[in-house]
Amino acid sequence: MNVANLTSSPTDAKYEIAHLKLVPKRHIGRMVAAGIVLLLLAGLVRAFSVGQIEWSYVRDFLFAPAILAGLYNTLLMTIAAMGVGIVLGVVIAIMRISGNPVLSSIAIGYVWVFRGAPALLQLMLWFNLALIFPTLGIPGLFEFRTVDVMTPFVAAVLGLGLSQGAYTSEVVRSGLLSVDSGQYEAARTIGMTQMMMLRRIVLPQAMRVMVPPVGNEVIGMVKLTSLASVIQYSEILHNAQIIYFANTRVLELLLVASFWYLLVVSVLSVGQHYIERYFGRGSKSIRSSM
């Protein structure tokens, strides 16, 4: 072996990279975009600081009884409408994937109608139902005046709940279809009924897929309840409007309502995060045990 071949020549030394310094790539576009965003935020903060906003009104009305009552009604409407929507969504989704063509057609028609009509339109239709049906009930047994039954709360729950049911049914259906068909076949093989299979095998695995979009729907429902102010339901935006109609402090009361909406949405987002983690662990344990 030639010893000269084992030594590096002066020509090879110039190709060595050990002495070179690594310089990270400069992302000029990112830096420019970040600078523009910071300038816009600074301008927004300055606009609110020098604008004609009486922050004392914001502080005084933040915990006003009317605002807190509106917040309670907003949360109550969210729970009621989502409860109706989730129950209907599960039922409609099961009808949609069933082998019965009648049930499947009814489910498709329900989703088509209530997902196609705007939520505000549905609220107004339910609130003015007395123009079509002056009374409700069974003639000769019991009857009620529709105007007495269809209060703003009932009209809002029906309008928002039925509309939400159409969207939730698609979420539930996608979750049920995400479960492998082998799980269904294994459950039938060991003699499980349809309801037992859904409750113990399918739904626990489908929840991993359904929880994120349903959580987003709950957050959306909190904001969607503001539509009920059109039919005089006393949620937080409606009560804020009543106050600023009296004292003309429009922007201040809107900031108060915005604060409570942001607070509720933030709390729900944290809760959604932990629920997703819980069902994520559950799905892993189910897969590992099979």
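Numbering (my numbering), first residue to last: -1 to 288.
Using N, Cα and C, we set each Cβ at its ideal position, and we do this for glycine too.
Bear in mind the structure is a predicted one, so any value in this text is a computation, not a measurement.
Would you give the residue range spanned by the alpha helix (DSSP H) that residue i belongs to?
i, result
"residue 135", "Residue 135 -> not in any alpha helix (DSSP H); beta strand (DSSP E) instead, spanning 133 to 136."
"residue 230", "Neither: residue 230 is in no alpha helix (DSSP H) and is coded neither H nor E."
"residue 154", "150 to 176"
"residue 105", "99 to 114"
"residue 237", "234 to 245"
"residue 121", "117 to 125"
Keeping to the same chain, check which residues put their C-beta closer than 7 angstroms to that of residue i; ignore five residues upstream and five downstream.
i, result
"residue 255", "234, 235, 238"
"residue 108", "90, 164"
"residue 222", "117, 158"
"residue 148", "124, 125, 127, 128"
"residue 130", "none"
Per DSSP, which residues does residue i bridge with? Please list them.
i, result
"residue 142", "134"
Given that a residue counts as buried once 16 or more other Cβ atoms are within 10 Å of its Cβ, and exposed if not, what is residue i?
i, result
"residue 294", "Outside the shown range of the chain, which is -1 to 288, sits residue 294, and nothing can be said about it."
"residue 141", "exposed"
"residue 272", "exposed"
"residue 98", "exposed"
"residue 203", "buried"
"residue 46", "exposed"
"residue 267", "exposed"
"residue 162", "buried"
"residue 187", "exposed"
Cutting at 8 angstroms between CB atoms, please list the residues of its own chain near residue i, excluding the five before and the five after it.
i, result
"residue 55", "245, 247, 250, 251"
"residue 121", "153, 154, 157, 158, 225, 226, 228, 229"
"residue 2", "Only weak support is given to the placement of residue 2: the predicted model assigns it a pLDDT of 48, under 50, and the question is left unresolved by the model."
"residue 180", "none"
CB-CB under 6 angstroms to residue i, same chain, minus the five flanking residues each way: which ones, in chain order?
i, result
"residue 160", "112"
"residue 84", "166"
Complete alpha helix (DSSP H) runs within the region 38 to 96 (minimum length 4 residues, chain order): 53 to 59, 63 to 95
task: Could you name each continuous alpha helix (DSSP H) segment of 4 residues or more that falls completely within the region 181 to 214, going from the start of the chain to the end?
output: 192 to 195
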